[in-house]
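Numbering (mature numbering (1 follows the signal peptide of the UniProt record, and there is no 0)), first residue to last: -24 to -1, 1 to 497.
Here a beta-carbon is modelled for each residue, glycine too, at the ideal position from N, C-alpha and C.
To start, the structure under review is shown below, and the notes come after it.
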């Protein structure tokens, strides 16, 4: 405030000096009034006075511009002097920040980092306000240093021992666990995701298990089939009752004709349809269970991996799961693939961070879990003024900055495939059966071809020779028989001719005898 008053006083003094100089020049440039001078000289003097006044005004404007420039230079020099004086007046204090590696809130420096200090959301949102805005307001120059710790509890112990001044990040519940320290909230906790691997499921074994688990239904089916067989046997053998009243079809089946047989057939057909429908329902339900994305109702008894013993660990305990602590994301993924754990619990922003770096490939998000937490930083008791400065003067600006940053944390929800087919192209059983069938078919074709060429071909040649010989023999035999038949026929004809000649001879003899007797008479 003293600096501002000094500047204003300096400007006023300079302005007054400029006004006085202008008035003095104007008075000195006016001509004297001589009553004895004639009227012509008086007018001539007035013309000269006007010219002199114009020249004086131009000179005054130039002088004013020079004075304004001098004033600006003086003001800049005064501001620099004031800043130097303020810097001289500001006290230098150490500000040690304890942090734990928790991407994206706080991350370790990488090879491309501008310095060896921690990076992340908290640094981008808070550091400028702490060092510049609040440092200037409370007239303190902060010498910022960082200290990495292994856990949140380690940071709290350092705060209690006054070895550090800020702990980040801190996940505080609504009832405040660390009420002894000032807390500045940055963002709401986004929730926890239960992430696991997409395990390969033997669909055929699942369906077979579903059928085998319904063994009472299978037993009832077999028993009813046996009972139906006994009834049919009784109807079939009871004095020929069923046999006499059934009509035999051309293809060998028998259909009942009596009323009793027809009623029994209808009952058995309907019962068989019901039993088959139940079996089909079991198989369909098993396939449906495979195709649907079923979220677990809870995580009770589930072995989960967590990064550190922080918020995810506490969330796993709250869900009655069995957490196992790891310190690297790669170790958790390897543990899931080796079936040491069933999945992992991961902060949603953290999951987005690792997913953007290709760490969560082939993993699926199974369930989202909500947890009420506030994400922020804790200040030590002797840095309470810094926490109050952030809360009272910069909280809205910091909140907008955090919202802008967190809007870039997009987690792509990877879902398991819903296309499940028991006998699809991806089924190993069907592929194996197809290859075996092709092998059997190729083997049968090869054996058949060889059989046809080697065995059946030879038999065909022998059979053809036999047929030719038989045909030749048959041809010879047929010629002889025809000749013999012709001879027999000729003999018969000759015999008949002989008989006719004999008859004619007897008739002629009889006629001669009669004629001879007539002549004698």
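With DSSP collapsed to three states, give me the class of residue i.
i           : result
residue 169 : strand
residue 258 : helix
residue 203 : helix
residue 370 : coil
residue 333 : coil
residue 364 : helix
residue 74  : strand
residue 154 : coil
residue 295 : coil
residue 30  : Any reading at residue 30 must be qualified, since the residue scores a pLDDT of 46, below 50, and its modelled position is unreliable; no value is offered.
residue 459 : helix
residue 478 : helix
residue 69  : strand
residue 484 : helix
residue 490 : helix
residue 82  : strand
residue 387 : coil
residue 219 : The predicted model places residue 219 with a pLDDT of 47, which falls under 50 and marks its position as unreliable, so this point remains unresolved.
residue 345 : strand
residue 315 : coil
residue 276 : coil
residue 413 : helix
residue 328 : helix
residue 137 : coil
residue 241 : helix
residue 59  : With a pLDDT of only 45 at residue 59, under 50, the local geometry of the prediction cannot be trusted, and the value read off the model is given with reservation. Residue state, collapsed to three classes: helix.
residue 190 : coil
residue 377 : helix
residue 286 : coil
Who are the near neighbours of residue i in its chain, counting only those whose CB is closer than 7 Å to its CB and skipping five residues on each side?
i           : result
residue 60  : Confidence at residue 60 is low in this model, with a pLDDT of 48, below 50, so the placement of that residue should be treated as unreliable; the coordinate-derived value is given next. Closer than 7 Å at the Cβ level, and outside the excluded window around residue 60, lies no residue.
residue 464 : none
residue 247 : 200
residue 386 : 328
residue 314 : none
residue 428 : none
residue 122 : 73, 75, 93, 94
residue 193 : 254
Can you tell me the Cβ-Cβ gap for residue i and residue j, rounded? I've got them flagged as a contact below 8 Å.
i           : j           : result
residue 345 : residue 168 : 4 Å
residue 139 : residue 66  : With 8 Å as the limit, residue 139 and residue 66 do not qualify as a contact, their Cβ atoms being about 24 Å apart.
residue 127 : residue 286 : 7 Å
residue 171 : residue 336 : 7 Å
residue 204 : residue 244 : 5 Å
residue 162 : residue 378 : 5 Å
residue 326 : residue 79  : 6 Å
residue 298 : residue 278 : 7 Å
residue 81  : residue 351 : 7 Å
residue 338 : residue 173 : 7 Å
Who pairs with residue i in a beta bridge, going by DSSP?
i           : result
residue 354 : 143, 159
residue 339 : 173
residue 281 : 300, 320
residue 93  : In the DSSP output, where bridge partners are listed per residue, residue 93 has none listed.
residue 123 : 74
residue 148 : 350
residue 116 : 67
residue 164 : 350
Among the options, which one has its Cα closest to the Cα of residue i?
i           : options            : result
residue 155 : 460, 354, 458      : 354
residue 284 : 304, 275, 276      : 304
residue 142 : 429, 467, 358      : 358
residue 342 : 148, 471, 324      : 324
residue 260 : 68, 477, 172, 185  : 185
residue 349 : 87, 148, 191, 159  : 148
residue 368 : 160, 76, 153, 356  : 160
residue 521 : 475, 424, 381      : Nothing in the structure corresponds to residue 521, since the chain is present only between -24 and 497.
residue 208 : 249, 240, 485      : 240
residue 103 : 195, 486, 492, 71  : 71
residue 188 : 483, 242, 258      : 258
residue 125 : 112, 144, 468, 412 : 144
Excluding the five sequence neighbours on either side, which residues of its own chain have a C-beta within less than 6 Å of the C-beta of residue i, listed in chain order?
i           : result
residue 281 : 300, 302, 308, 311, 317, 320
residue 374 : 101
residue 251 : 197
residue 295 : 275
Within its chain, find whatever has a CB closer than 8 Å to the CB of residue i; leave out the 5 residues flanking it on each side and keep chain order.
i           : result
residue 370 : 105, 109, 110
residue 165 : 147, 287, 323, 347, 348, 349, 350, 351
residue 366 : 102, 105, 106, 110, 160, 374
Measuring from the CB of residue i, is there a heavy atom of the ligand FMN at a distance below 7 Å?
i          : result
residue 98 : In the structure on display, the ligand FMN does not appear, and there are no ligands present to speak of.
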